[in-house]
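Everything on this sheet refers to the single structure shown next.
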Amino acid sequence: MAANSSPARRSGVAGRVIVVGSVNLDLVVSTDHLPAPGETVIGGRFERHHGGKGGNQAVAAARLGASVIFVGAVGDDSFGAEACAALESEGVDGSALVTVPAEATGVALILVDRLGENCIAVAGGANARLTPVAVRTAFDRIALVEGDVVLVGHEIPTETAHEALVRARRLGATTILNPAPPSGLRPETLALADILTPNRTEAAQLAKHDDELEALAAELVSRLATGGHVLISLGPAGALLVGADAVIAIEAPTVHAIDTVGAGDTLNGALAAGLAAGRGLEEAARRAVVAASLSVTRTGAREGMPGAAALDVALQG
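Numbering-wise, the working numbering comes out as the position in the sequence shown, counting from 1, plus 79.
Structure follows, in structure tokens:
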């Protein structure tokens, strides 16, 4: 895929976004500063939000007008029922969600400081029980076609992420791999991605070194499917889009950041939505960076995710 090209799709028909990933309940404490090891911080505000990188990415894409199907797993508990209802309220098709008996729905414990920076610990719960068989069953029912975009996260078992990418490529869909967290990803899994979307830290972990950014990205490109691209998110500095024959720096608009939780998920969901709508990769990436910037202006992973109208206004400004 060239930076200015878009996924092949049926004439006049927008592709769908299929997200394969995690869904959690986020338990968030806002503090003046993030605690050091052994330190207790008093006086923070507590909030509950729906999250999980996969769920967040699905919502981000749906808010931008994409037809979204979510493939994931929840526990047989009240958190799972809440998670399913939250996705459906955003227009996400949750019919491929699997309920795992005797397992808890995933939970993320999140600390956010006064500058909007965060640290996160995740109890995967049912997310760790999403199997390759469940993905095969879901994909058989979904009936992928060219023009669909499959966005796969890594808060699920590696073998399940691998199976999703194998199936997607076999059926002609565009594949995006969000390597968060990168630990345990195999070279053969990376090689199935048309687009890899790490942040700066994840890119260095995948490459096992922290050289100059463009060289780091170029090395990762060499590990992807032929014609693949790496989009490294850089927070307030925007993103870097790198392919075999192009290096494109994408600036982010200046905003007042309140909470950076979910910014990367917004970028991934917006990127998938843009590609499914037939936009070229560079245009989709630029829109995704602006969407991610807008998302940090409110507390909560999903609360600040923009709709299509808000994104269009920001792009015009």
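Just so you know, even glycine gets a beta-carbon here, dropped at the ideal spot from N, CA and C. Predicted model, so just to flag it, every value in this text is computed and none were measured.
Asked: The region 114–134 contacting the region 181–190, beta-carbon criterion three pairs below 8 Å; Found: yes
Asked: C-beta atoms of G322 and H335 nearer than 7 Å; Found: no
Asked: Rounded straight-line distance, which links the Cα of S174 to that of V147; Found: 11 Å
Asked: C163 classed as buried or exposed, judged by whether at least 16 other C-beta atoms fall within 10 angstroms; Found: buried
Asked: CA-to-CA distance, T237 to V326, given in whole angstroms; Found: 29 Å
Asked: Enclosing alpha helix (DSSP H) for I221 [first to last residue]; Found: 211–221
Asked: Within 7 Å, strictly: CB atoms of L244 and L275; Found: no
Asked: Backbone CA spacing between G94 and V186 [nearest angstrom]; Found: 31 Å
Asked: Residue-level contact to chain B via CB, L269, 7 Å cutoff; Found: Of the protein chains in the structure, only one exists, and it is not chain B.
Asked: Coil, strand or helix - S372 by DSSP; Found: helix
Asked: M384 - DSSP class collapsed to helix/strand/coil; Found: coil
Asked: Rounded distance between the beta-carbons of S301 and P332, thought under 8 Å; Found: P332 to S301, Cβ: 32 Å. No contact.
Asked: A296 versus P385: straight-line alpha-carbon distance, rounded; Found: 28 Å
Asked: Pairwise C-alpha distance: D289 and L390; Found: 33 Å
Asked: Start and end residues, beta strand (DSSP E) containing L188; Found: 185–191
Asked: Reference L176, options P258, L143, T216, closest by Cα; Found: T216
Asked: Cβ shell of G353 (< 7 Å), same chain only, five flanking positions each side left out; Found: E362, A363, R366, A367
Asked: Spatial distance of G251 from T119 (CA atoms); Found: 51 Å
Asked: Among A342, D338, A356, nearest to T110 - alpha-carbon criterion; Found: D338
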